[in-house]
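The structure appears right after this line, and notes come after that.
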Amino acid sequence: MADAAPEFTADTASTDAGSADKSARMEQRKKWLIRLAAAVLIIGAIYALWYLLIGRNHVSTDNAYVNAEIAQVTPLISAQAVEVRVTDTQAVKRGDILVRLDPTNARIAVAQAEADLAEARRRFRQTAATSTSLSAQVRARGADIAQANAQLAAAQADYEKARVDLQRREALSPEGAVSGEEVTSARKAFAAARAGLEQARAGVATARATQGAAQGQLAANDALVSGSTIETDPAVLAAKAKLENARLDLGRTIIRAPIDGVVTRRQVQVGQRVAQGSPIMSIVPLAQVYVDANFKERQLRQVRVGMPATVVADIYGGDVVYHGKVVGFSGGTGSSLALIPAQNATGNWIKVVQRLPVRIALDPRELAAHPLRVGLSTEVEIDLSRH
Numbered sequence: 002m003a004d005a006a007p008e009f010t011a012d013t014a015s016t017d018a019g020s021a022d023k024s025a026r027m028e029q030r031k032k033w034l035i036r037l038a039a040a041v042l043i044i045g046a047i048y049a050l051w052y053l054l055i056g057r058n059h060v061s062t063d064n065a066y067v068n069a070e071i072a073q074v075t076p077l078i079s080a081q082a083v084e085v086r087v088t089d090t091q092a093v094k095r096g097d098i099l100v101r102l103d104p105t106n107a108r109i110a111v112a113q114a115e116a117d118l119a120e121a122r123r124r125f126r127q128t129a130a131t132s133t134s135l136s137a138q139v140r141a142r143g144a145d146i147a148q149a150n151a152q153l154a155a156a157q158a159d160y161e162k163a164r165v166d167l168q169r170r171e172a173l174s175p176e177g178a179v180s181g182e183e184v185t186s187a188r189k190a191f192a193a194a195r196a197g198l199e200q201a202r203a204g205v206a207t208a209r210a211t212q213g214a215a216q217g218q219l220a221a222n223d224a225l226v227s228g229s230t231i232e233t234d235p236a237v238l239a240a241k242a243k244l245e246n247a248r249l250d251l252g253r254t255i256i257r258a259p260i261d262g263v264v265t266r267r268q269v270q271v272g273q274r275v276a277q278g279s280p281i282m283s284i285v286p287l288a289q290v291y292v293d294a295n296f297k298e299r300q301l302r303q304v305r306v307g308m309p310a311t312v313v314a315d316i317y318g319g320d321v322v323y324h325g326k327v328v329g330f331s332g333g334t335g336s337s338l339a340l341i342p343a344q345n346a347t348g349n350w351i352k353v354v355q356r357l358p359v360r361i362a363l364d365p366r367e368l369a370a371h372p373l374r375v376g377l378s379t380e381v382e383i384d385l386s387r388h
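Each residue of the sequence shown is one higher than the one before, starting from 2 at the first, in this note's numbering.
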């Protein structure tokens with residue numbers, strides 16, 4: 002019994018030490034749990050404070066991409082390319098020559114149009130001169146009428162004389178005062194005078210008809226030149242329009258850059274015959290790019306045109322922040338404007354949160370300092386508290 006007491010005492014001491022160590026660990030764990038809970042509460046309070054002061058006044062998305070109004074370069078005439086001055090990725094200014102087309106056919110068309118214009122002017126001068134000639138003819142026909150009237154008066158006098166002579170001789174013939182031969186001669190003279198009178202009358206009618214025809218020709222010719230000059234004549238104006246069109250086609254053999262930007266998707270080579278209206282290259286205006294941010298429909302409840310926005314591009318990272326503003330909303334969601342829109346009127350319909358493109362205009366000075374390219378990914382945040 003004397004040997005067992007020390008052993009019991011040692012076990013008890015060991016148990017007490019283990020209990021103390023366990024209590025210390027529990028105390029330490031409790032302390033860390035309290036610290037963790039306090040940290041969580043602090044973080045939650047900070048987040049709640051941030052959300053109340055800042056977070057609820059901002060909406061953001063990383064479904065946003067750089068876009069631009071890309072200019073399509075298309076030839077306005079069909080011709081062979083004889084010179085191509087630009088390549089892909091080359092920066093150009095508005096008015097720079099991009100492509101030269103073969104001008105041979107266009108120059109021939111200009112020469113033909115110039116000849117047609119000269120011919121139209123010549124025809125107008127000829128028509129104006131014809132009016133002068135026809136006016137003289139009308140005056141001449143008036144003189145012919147006067148002459149025919151004089152001849153008619155003479156024929157009328159001859160007719161009256163022959164009639165009187167015939168009546169006198171026919172009255173004396175029964176008494177034998179005149180011979181039958183004289184009566185016959187008087188009758189022949191009367192018939193001749195009557196025929197001359199009819200001929201004179203016909204001459205007057207003919208002269209008047211000729212004058213009427215001349216007047217009609219003069220009126221028709223005057224209608225072609227009346228109220229017009231050699232430069233305002235309709236035929237001359239039509240020839241001028243044709244010449245202007247030919248000169249435009251000649252000028253279109255030189256294709257110039259419509260805007261400032263960077264050449265992309267060049268599809269023309271020297272010697273290739275380009276077709277009118279077929280795109281041969283595109284020009285991206287880097288100084289006028291914008292961002293299309295696809296926000297969820299629930300995020301847009303308070304978004305309005307004019308609200309400020311910040312944009313961060315993946316190509317530069319968070320060190321470069323672009324400042325812009327909301328300038329508009331798309332007319333429909335991406336799914337509704339797709340080539341094959343989703344058909345929701347089915348029995349297997351599942352609601353999907355839609356996204357609506359929102360256009361963000363960027364500061365040109367910031368774009369000049371850090372250029373963007375079409376299609377780059379960005380992150381957009383809109384400040385709802387400022388409008």
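Built from N, CA and C at the ideal position, the CB exists for glycine as well.
Per-residue DSSP class, three states only, for residue i
i      : result
Thr88  : coil
Glu70  : coil
Asp159 : helix
Leu340 : coil
Thr311 : strand
Gln409 : Within the shown structure, residues of the chain are numbered from 2 to 388, placing residue 409 beyond reach of any answer.
Asp117 : helix
Thr211 : helix
Ile383 : strand
Val93  : strand
Gly325 : strand
Ile256 : strand
Ser61  : strand
Ile35  : helix
Ser229 : coil
Gln127 : helix
According to DSSP, residues forming a beta bridge with residue i
i      : result
Val285 : Val263
Arg356 : Lys297
Phe330 : Val359
Val275 : Ala80
Arg101 : Glu84, Ile255
Val292 : Val67, Ile361
Ser136 : DSSP lists no partner for Ser136.
Ser378 : Tyr66
Residue i, buried or exposed, once every other Cβ within 10 Å from all chains shown has been counted against 16
i      : result
Gly278 : exposed
Val165 : exposed
Ile44  : exposed
Gly272 : exposed
Pro342 : exposed
Gln300 : buried
Tyr323 : buried
Glu28  : exposed
Pro372 : exposed
Leu99  : buried
Val85  : buried
Asp320 : exposed
Pro365 : exposed
Tyr291 : buried
Ala137 : exposed
Same chain only: Cβ atoms within 7 Å of residue i, ignoring 5 sequence neighbours per side
i      : result
Glu115 : Leu244
Val306 : Val327, Val328, Gly329
Asp63  : Glu380
Thr334 : Gln355, Arg356, Leu357
Ala339 : none
Ser331 : Leu357, Pro358
Gly376 : Tyr66, Val67
Ala92  : Val263
Tyr317 : His371
Phe367 : Looking at the sequence provided, one finds Glu at residue 367 rather than Phe. Tyr323, His324, listed in sequence order.
8 Å CB neighbourhood of residue i in its chain, flanking five on each side removed
i      : result
Gln200 : Ala156
Gln268 : Pro280, Ile281, Met282
Asp117 : Ala240, Lys243, Leu244
Gly197 : Ala156, Asp159, Tyr160
Chain-order list of residues whose beta-carbon lies under 6 Å from that of residue i (same chain, five-residue window excluded)
i      : result
Ala149 : Gly204, Val205, Ala208
Gly96  : Arg257
Ala121 : Ala236, Val237, Ala240
Lys189 : none
Check: residue i C-beta below 7 Å from any heavy atom of the ligand NAD
i     : result
Ala40 : This structure lacks the ligand NAD, and indeed carries no ligand of any kind.
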